[in-house]
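Below is one structure; the comments refer to it alone.
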Amino acid sequence: MKKKIVDTKNARKGEYRHIIKTIAAIGECPFCPHNFKYHKNPILKTSGEWFITRNSWPYKNAGHHFVIIDRIHKEELHEITSEDLMHIYILGTWAVQEFELKGGALAMRFGETTYTGASVCHIHAHLIVPKTEKGKALTVEFPIG
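Residues 1 to 145 (full-length UniProt numbering) make up the sequence shown, in order.
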(Lines of atoms letter the chains of each structure in order from A; the text may use other names.)
(Lines give C-alpha, C1' and ligand atoms only; values in the text may rest on other atoms or scores of the structure.)
Protein backbone atom coordinates (compact mmCIF):
# COMPACT_ATOMS: atom_id res chain seq x y z
CA MET A 1 0.00 0.00 0.00
CA LYS A 2 1.28 3.45 -0.94
CA LYS A 3 2.02 5.79 1.98
CA LYS A 4 -0.39 8.70 2.30
CA ILE A 5 1.26 12.14 1.99
CA VAL A 6 -1.91 14.24 2.01
CA ASP A 7 -5.46 13.60 3.16
CA THR A 8 -8.04 14.91 0.71
CA LYS A 9 -10.87 14.27 3.21
CA ASN A 10 -9.43 16.96 5.47
CA ALA A 11 -8.83 19.54 2.73
CA ARG A 12 -11.07 22.59 2.81
CA LYS A 13 -13.22 23.31 -0.22
CA GLY A 14 -12.41 25.23 -3.37
CA GLU A 15 -8.97 25.82 -4.82
CA TYR A 16 -7.19 24.29 -1.82
CA ARG A 17 -9.06 20.98 -2.12
CA HIS A 18 -8.32 20.90 -5.86
CA ILE A 19 -4.59 21.44 -5.17
CA ILE A 20 -4.53 18.71 -2.49
CA LYS A 21 -6.24 16.26 -4.86
CA THR A 22 -3.67 17.10 -7.54
CA ILE A 23 -0.84 16.52 -5.06
CA ALA A 24 -2.39 13.20 -3.95
CA ALA A 25 -2.48 12.02 -7.57
CA ILE A 26 1.19 12.95 -8.06
CA GLY A 27 2.14 11.28 -4.78
CA GLU A 28 4.84 13.74 -3.68
CA CYS A 29 4.82 15.71 -0.44
CA PRO A 30 3.87 19.36 -1.07
CA PHE A 31 6.12 20.60 1.76
CA CYS A 32 9.29 18.81 0.70
CA PRO A 33 11.62 21.25 -1.11
CA HIS A 34 11.58 19.50 -4.50
CA ASN A 35 7.76 19.79 -4.68
CA PHE A 36 7.07 23.13 -2.97
CA LYS A 37 5.77 24.58 -6.25
CA TYR A 38 2.11 24.72 -5.19
CA HIS A 39 2.75 27.26 -2.46
CA LYS A 40 2.02 30.82 -3.63
CA ASN A 41 3.94 32.91 -1.10
CA PRO A 42 7.66 33.53 -0.66
CA ILE A 43 9.74 32.09 2.12
CA LEU A 44 10.13 34.94 4.61
CA LYS A 45 12.96 33.62 6.78
CA THR A 46 14.89 30.43 7.45
CA SER A 47 16.46 28.98 10.58
CA GLY A 48 18.39 25.73 10.26
CA GLU A 49 16.30 23.39 8.11
CA TRP A 50 13.08 25.27 8.97
CA PHE A 51 11.42 28.19 7.21
CA ILE A 52 8.40 30.44 7.66
CA THR A 53 5.97 31.61 5.00
CA ARG A 54 2.46 32.97 4.87
CA ASN A 55 -0.16 30.28 4.40
CA SER A 56 -1.39 30.36 0.79
CA TRP A 57 -4.86 29.36 1.98
CA PRO A 58 -5.34 31.03 5.39
CA TYR A 59 -8.13 29.92 7.70
CA LYS A 60 -11.31 31.99 7.85
CA ASN A 61 -10.97 35.00 10.19
CA ALA A 62 -7.16 34.80 10.30
CA GLY A 63 -5.59 38.23 10.10
CA HIS A 64 -2.17 36.61 9.87
CA HIS A 65 -1.59 32.94 9.13
CA PHE A 66 1.95 31.64 8.80
CA VAL A 67 3.24 28.10 8.45
CA ILE A 68 6.62 27.03 9.83
CA ILE A 69 7.90 24.04 7.87
CA ASP A 70 10.90 21.71 8.15
CA ARG A 71 12.71 21.01 4.87
CA ILE A 72 13.23 17.45 6.15
CA HIS A 73 10.15 15.24 5.88
CA LYS A 74 8.86 14.26 9.32
CA GLU A 75 5.39 13.24 10.40
CA GLU A 76 5.61 12.10 14.02
CA LEU A 77 6.19 14.08 17.20
CA HIS A 78 9.06 11.81 18.27
CA GLU A 79 10.94 12.88 15.12
CA ILE A 80 11.02 16.50 16.31
CA THR A 81 14.20 17.36 18.22
CA SER A 82 14.96 20.09 20.72
CA GLU A 83 16.91 21.77 17.91
CA ASP A 84 13.77 21.70 15.73
CA LEU A 85 11.79 23.31 18.55
CA MET A 86 14.46 26.00 18.85
CA HIS A 87 14.10 26.82 15.12
CA ILE A 88 10.30 26.96 15.42
CA TYR A 89 10.76 29.35 18.36
CA ILE A 90 13.24 31.52 16.43
CA LEU A 91 10.94 31.81 13.41
CA GLY A 92 7.81 32.33 15.50
CA THR A 93 9.36 35.09 17.61
CA TRP A 94 10.80 36.69 14.47
CA ALA A 95 7.29 36.87 12.96
CA VAL A 96 5.86 38.30 16.19
CA GLN A 97 8.45 41.09 16.12
CA GLU A 98 8.53 41.63 12.34
CA PHE A 99 4.76 41.93 11.98
CA GLU A 100 4.10 43.41 15.45
CA LEU A 101 1.72 40.61 16.33
CA LYS A 102 -0.18 41.34 19.55
CA GLY A 103 -1.25 37.75 20.23
CA GLY A 104 -2.32 34.55 18.59
CA ALA A 105 -1.73 30.81 18.64
CA LEU A 106 1.01 28.39 17.68
CA ALA A 107 -0.35 24.93 16.80
CA MET A 108 1.14 21.77 15.35
CA ARG A 109 -0.46 18.43 14.47
CA PHE A 110 1.39 15.12 14.21
CA GLY A 111 0.69 11.55 13.21
CA GLU A 112 -2.31 9.92 11.56
CA THR A 113 -4.58 12.39 9.78
CA THR A 114 -7.65 10.43 10.93
CA TYR A 115 -6.91 11.83 14.40
CA THR A 116 -5.33 15.17 13.50
CA GLY A 117 -7.59 16.62 10.82
CA ALA A 118 -4.50 17.66 8.85
CA SER A 119 -4.55 17.73 5.07
CA VAL A 120 -0.73 17.53 4.77
CA CYS A 121 1.13 14.76 6.62
CA HIS A 122 4.52 16.58 6.67
CA ILE A 123 4.74 18.06 10.16
CA HIS A 124 4.47 21.84 10.32
CA ALA A 125 3.42 24.54 12.75
CA HIS A 126 0.74 27.17 12.26
CA LEU A 127 1.16 30.67 13.69
CA ILE A 128 -2.29 32.25 13.58
CA VAL A 129 -3.46 35.69 14.65
CA PRO A 130 -7.21 36.30 14.39
CA LYS A 131 -8.85 39.33 12.85
CA THR A 132 -10.61 41.62 15.27
CA GLU A 133 -13.99 43.26 15.05
CA LYS A 134 -15.23 45.88 17.52
CA GLY A 135 -12.30 45.17 19.83
CA LYS A 136 -12.91 41.41 19.96
CA ALA A 137 -11.03 38.61 18.22
CA LEU A 138 -12.99 36.66 15.63
CA THR A 139 -12.89 32.89 16.03
CA VAL A 140 -10.43 31.00 13.85
CA GLU A 141 -11.24 27.30 13.70
CA PHE A 142 -8.18 25.02 13.73
CA PRO A 143 -9.52 21.52 13.10
CA ILE A 144 -8.21 18.62 15.13
CA GLY A 145 -9.77 15.26 14.33
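Heads up, the beta-carbon is just placed ideally off N, CA and C, and yes, glycines get one too. Computed from a prediction, not measured in an experiment: that's the story for all the values here.
Integer-rounded CB distance, given that residue j should sit under 8 Å from residue i
i	j	result
A118	N10	6 Å
L77	G111	7 Å
V140	Y16	Not confirmed; about 16 Å, so no contact.
With 16 other Cβ atoms within 10 Å as the buried cut-off, status of residue i
i	result
I26	exposed
A125	buried
A95	buried
R109	buried
T116	buried
T113	buried
E98	exposed
G145	exposed
G14	exposed
E75	buried
Per DSSP, the bridge partner or partners of residue i
i	result
P33	In the DSSP output, where bridge partners are listed per residue, P33 has none listed.
I68	I52 and A125
S47	W50
K102	According to DSSP, which records beta bridges pairwise, K102 is partnered with nothing at all.
E133	K136
A107	H126
K62	The residue asked about is misnamed: residue 62 is Ala in this sequence, not Lys. Note: A62 sits in a beta bridge opposite P130.
V6	V120
Beta-carbon contacts of residue i that lie in its chain and below 6 Å, excluding the five residues immediately before and after
i	result
K131	N61, G63 and L138
S47	H87, I90 and L91
A105	I128
S56	H39, K40 and N41
7 Å CB neighbourhood of residue i in its chain, flanking five on each side removed
i	result
I88	W50, I68 and A125
H73	C29, C32 and H122
I19	Y38
Cβ-based neighbour list, residue i, same chain, cut-off 8 Å, excluding 5 preceding and 5 following
i	result
T53	H39, N41, P42, I43, L44, F66, V67 and I69
A107	A125, H126, I128 and F142
K102	V129
E79	I123
T22	Y38
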